[in-house]
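In what follows, a single structure is set out as structure tokens and then discussed.
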Amino acid sequence: MQAFEYAKPATLKEAFGLLGAQWGEADLLAGGTDLLSLMKDYIHKPKRVVSLTGVKELKGIKSSSDGLHIGAMVTLEELLGNAQVRKEYLSLVQAARGVTSPQIRAMGTVGGDLCQRPRCWYFRNGFGLLAREGDGKELVPNGENRYHAILGNSGPAKFVSASSLGPALIALGAKLTIASGSGNRNVDADKFFLTPNDPASREVDLKPNEILTEIVVPPAAGTKNATYEVRQKEALDWPLATASVALKTSGSTVSSAKVVLGHVAPTPWNSAEAAQALVGKPLNESTAKAAAEAALAGATPLSQNRYKIQLAKVAVKRALLAAAGKA
Amino acid sequence: MPSKYDWPAAEKRSLIGKRINRLDGLAKSTGRAKYSYDTNRPGGLTAKLLTSPYAHARVTKIDTGEAERLAGVRAIRVMSPVGTEVQWQGYEIAAVAADTEEIARDAVRKIQVEYEVLPHLVKEEDLSKAGNRTKPSGENTQGNPDQGFSQADVIHEGFYGANVITHCCLEPHGQVAEWDGDNCTVYASTQAVGSIGRELGKVLAADPATANVKPSNVRVITQYMGGGFGSKFSPDRWGIVCAQLARQAGKPVKLMLDRDQELLMAGARPSHFAKVKVGAKKDGTLVAWESESWTTGGMSGAGAAPIPYVIEIPNRKTRNIAVSTNTGPARAWRAPNHPQAAVLTMCPLTDLAAKLNMDPLELFLKNVSLSPRGDVYRAELLKAAELMDWKAKYHAPGKGGNGYLKRGVGLSIHTWGGRGHDSECRLIINPDGSVQAQLGSQDLGTGTRTVIGIVAAETLGLPLSGVQVQIGDSNYPPSGGSGGSTTVGGVSASTRRASVKALDKLLEAVAPGMGTTADKLVAVDGRIQVQGDPSKSLTWKAACAKLGTKAISETGRQPARDEGNLGDSGVGGAQMAEVEVDTETGIVTMRKMVAVQDCGLIIDLKTAESQCYGACIMGIGSALYEEKIYDQQTGRMLNADMEFYKLGGIGDVGEIVVHMMTRDYDQRGVIGLGEPPVISPPAAISNAVFNALGVRIPTIPITPDKVLAALEKGGMA
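These protein sequence lines map, in sequence, to chains A and B.
Here our numbering is used: position 80 in the first sequence is 76, and no number is missing along the way.
Here our numbering is used: position 175 in the second sequence is 653, and no number is missing along the way.
This is the structure:
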């Protein structure tokens, strides 16, 4: 990797002073499960690495009237160990358990999961975020795209968001706190993920001088939620498609629904169509299937990944039935 | 004719055939065992390779100037000078040795190379796109295929295949090289301590900088190694450059491949695809076979797999085509060509059974007489069926349940040689009672060290702890490389003979003092005693003390005419797999594998079973997950990592039941085992998926995309 300066601030304020105005000047180090690999492969070449491990403000999970406040540096294991999370946010538990490496769960953080770079193998092999050859030719459409996007892929970005927790947090209506030297701003989890149009952009709404500090998950208040991941292996493996859902019911009918898919698009994919298909209806196998069909109706598969449409439908259906306690 | 070297009779064995823990288990599990990767010599340097990013290119310029000027760089070697035509991504261009790994990596990046990029081919499954990269590679006709097919009542035709996978050794290839004058010691991760030193020495002798080096000057040490599977028999270009860098720098140099390099260039198992036509009589008797196959093992193509496999269908015609691709070259992969042959044979035979409305077990039982060891296969298939509960679990293809989860069972059989290789053992009995067995062999993790100890201890009437096994050093008496499942047969025979001879010497030495003759003495339970009279005995230690100051040192050899027949060649095995397929996602889950295997006399039942467990796990990985994925646009391997080059974990392998055929098989002596049990899993698993679904997934790995496509094609989605 390229030589870099290492900084370990003790406070957020100190950390802000260490960040750059441009990407490439400084990278944040959270759990370190991916950044070091990116640096070894010269995909990231930061001049400075700012470790957040010493910043106390980013740690811990607190419950308050507006919901659960999860520090960005909370590890996946800490998240899984939290009693309230286990009781009320099944979808988060299932998503975190989907990271099937105990080592990564022990080191990896909630903030790191949300901000991680895509796993697109062209990107990781040095062809840039948008997977182009030197002459600008896009490699994904005619290349090895079995794991690439089937939704939201009409632009140059064909990778899939790798975040495990993103879909669950969006479905639960979480808000993210993003801080910089000039103050805090709040972003809906749904708005945090972006589809870049140029290779220098990022996949999340974060500027080089900002830090994701906290995730606030609104009170579950009876919201039924679940995540289902379609994965080939039990051992460490990326899911092929996932879905996180959150439902409110009134009597036996669904009064509101969020259906968010993962690993199918450059961002977590919040399907209004699936939600619409559910509202006002009872949740059962048939309505779950209808929601799945609605979620994937607009899919635009690439040459090798049409099978992911079916997998994504299954993820939606099974997540819905799990949330309803019918799986 | 009986010989004193023969293996002891079953009732007299105290160690042989028992379940015995491996001698180095504790050292390995606690991290005390030092592998080549762990070897750090005083003052040692680290070397890294610069490799080609292109699949096919010519080197037009190479400038090491900037790298040489980097502080801490001690030696640089250009391995592919200007003009070199590079034929695969990962090909070695240059190597740098530096004070630290970090400096070596930085220096590698400072070497400036320019390439003229040339056209490449990196994919071969679709033969129509291979252009001029194909050439005939074997054609064979036996009997009269046309006549055979005309006699067939049922004919099945289909396409089958297995893609290229890698060895994925846990410890990558590499070594530490250290010079002392013109003597070079190499701490190598190798399957052949006895030969790679000489090979390396020959290359060094041809280099002006090391012209004084003789092949015998290179010593190779391998105490522990993290897997080879057939890929670690050569000193390799990186081994040669490592020794050259060490010479040039005047310091020890460590050069181990990075994981991506390991996956790119240090070993690939050739693909094998085939269009198969096979015919049978109504009663299932196989009468004719015809296949057109193709395969790649990199630029040199690859040889034809032995199809039809095991079952020698009387009328057959095979034609194979080798495809040259710009991919890392093939190396022997655990039972070279046999796993592919099993897929290309056992899958079409199972499909043919379906067409005949026959249980494939019946079809195989009917036809194993067409193999050289029909009775063995019959016994093994029946045993496997019992352990799998085949009769209860088997159902017509596609009748695997009413829900979306479908169960199915499948089977395969396999064969291997495994005759013991040439081996010498020096057995030393010291006056203090200590015993050393010395062989220039190596333990790949198979249990070689333990097997040698068991044979020596059994022969000398000692506990296993009474023998020190000294291997993994080319200074010990020569023993063959560990390939072809030849090691256990070789080292057990040479150790047995050396131990018998050394014991004879000891008995001769102590007999007069015990008032008897050597032929009346036996070694048992740590004592030397008069046969049939335990009251007249000496402890082992007391007996050895009679040697005075002179140790006994005896050599045993394999092969050795007139010194007993201690081994044989030719084993069989039958395996059955049970899977569950999620028809909504196409994901295959292993429920159970049954591996029934014969290998003659088993020295250590535990490590033998362990070979079968490991082979099943490795086989499951290749059946469901593993694949070298290349991009034809860029010529790059896209999954040269452990993230998308997928291996199964313990949660993915299901229940594994191993049954070793013993007793009646013992009289054949020792036969190798490492390879045969890895042959059948992909075929058995593919057949189980077919049984569950009623549609064939033609190629391995059986990934969800292929399963869903096959279900859709079969009108079952």
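Cβ coordinates follow ideal geometry from the N, Cα and C atoms, glycine included.
For residue i, the three-state DSSP class (helix, strand or coil)
i                : result
N180 of chain A  : strand
F188 of chain A  : helix
R1201 of chain B : There is simply no residue 1201 of chain B to check, as chain B begins at 479 and stops at 1195 in what is shown.
K220 of chain A  : strand
L1116 of chain B : coil
W1018 of chain B : helix
M734 of chain B  : strand
L243 of chain A  : strand
R1174 of chain B : coil
W117 of chain A  : helix
A487 of chain B  : coil
R797 of chain B  : strand
Y638 of chain B  : strand
K4 of chain A    : coil
E1032 of chain B : strand
W265 of chain A  : strand
F155 of chain A  : coil
E225 of chain A  : strand
T1027 of chain B : coil
N845 of chain B  : helix
N953 of chain B  : coil
Chain B residues whose Cβ lies nearer than 7 Å to that of residue i
i               : result
A351 of chain A : Absent from the model: residue 351 of chain A. The displayed extent of chain A is -3 to 323, so no value can be given.
E140 of chain A : I1107, D1109 and L1116
N121 of chain A : R1114 and L1116
L236 of chain A : P1182
Beta-carbon gap between residue i and residue j smaller than 7 Å
i                : j                : result
H645 of chain B  : F711 of chain B  : no
S778 of chain B  : G745 of chain B  : no
P278 of chain A  : S248 of chain A  : yes
V929 of chain B  : S957 of chain B  : no
K526 of chain B  : V574 of chain B  : yes
P1154 of chain B : G1051 of chain B : yes
P235 of chain A  : G162 of chain A  : no
G652 of chain B  : L723 of chain B  : no
M866 of chain B  : M1054 of chain B : yes
Q1036 of chain B : S952 of chain B  : no
I589 of chain B  : T542 of chain B  : yes
I799 of chain B  : I932 of chain B  : no
L208 of chain A  : L172 of chain A  : yes
Amino acids of chain A, ordered along the chain, whose beta-carbon sits closer than 7 Å to that of residue i
i                : result
F1122 of chain B : W117
Amino acids of chain B, ordered along the chain, whose beta-carbon sits closer than 8 Å to that of residue i
i               : result
L135 of chain A : D1109, Q1111 and T1112
E129 of chain A : Q1111 and T1112
Notebook entry, point to check: Mind listing which residues of the region 198 to 228 of chain A have their C-beta closer than 7 Å to chain B's C-betas, in chain order?
Noted result: When C-beta distances to chain B are compared with 7 Å, the residues of the region 198 to 228 of chain A below that value are V226 and Q228, in chain order.
Note to self: To be precise: take each residue of the region 1093 to 1104 of chain B, compare its Cβ to all Cβ atoms of chain A, and keep it if any distance is under 9 Å. Which residues remain?
What the structure shows: If you check each beta-carbon in the region 1093 to 1104 of chain B against every beta-carbon of chain A, the ones closer than 9 Å belong to L1102 and Y1103.
Next item on the list: Using a Cβ-Cβ cut-off of less than 8 Å, give me the residues of the region 1157 to 1188 of chain B that come near chain A, in sequence order.
Entry: Cβ contacts with chain A: T1181, P1182, D1183, L1186 and A1187.
Next item on the list: Give the residues from the region 289 to 316 of chain A that approach chain B closer than 9 Å (Cβ to any Cβ), ordered along the chain.
Entry: Q300, N301, R302, Y303, K304, Q306, L307, K309, V310, A311, K313 and R314: these are the residues of the region 289 to 316 of chain A whose beta carbon lies less than 9 Å from some beta carbon of chain B, given in chain order.
Margin query: Just to confirm the assignment: which complete alpha helix (DSSP H) runs, minimum length 4, are found wholly within the region 15 to 80 of chain A?
Written below: Qualifying alpha helix (DSSP H) stretches, in chain order: 31 to 36 and 72 to 77.
Check: What are the start and end residues of each continuous beta strand (DSSP E) run of 3 or more residues lying completely inside the region 859 to 935 of chain B, in chain order?
Finding: DSSP assignment within the region 859 to 935 of chain B yields the following whole beta strand (DSSP E) runs of 3 residues or more, N-terminal first: 883 to 894, 901 to 907 and 913 to 916.
Notebook entry, point to check: Where in the region 540 to 583 of chain B do unbroken runs of the alpha helix (DSSP H), each at least 4 residues long, occur, reported from the N-terminal end onward?
Noted result: Qualifying alpha helix (DSSP H) stretches, in chain order: 543 to 546.
Next item on the list: Please name the residues in the region 1061 to 1074 of chain B whose beta-carbon is closer than 8 Å to at least one beta-carbon of chain A, in chain order.
Entry: Among the residues of the region 1061 to 1074 of chain B, those with a Cβ less than 8 Å away from any Cβ of chain A are E1062, T1063, G1064 and I1065, in the order of the chain.
Notebook entry, point to check: Which runs of the alpha helix (DSSP H), 4 residues or longer, sit entirely within the region 656 to 715 of chain B?
Noted result: List check, alpha helix (DSSP H) in window: 671 to 683.
Notebook entry, point to check: Quick one: complete beta strand (DSSP E) runs, 3+ long, within the region 942 to 1006 of chain B?
Noted result: If you keep only unbroken beta strand (DSSP E) runs of at least 3 residues inside the region 942 to 1006 of chain B, you get 945 to 948 and 999 to 1002.
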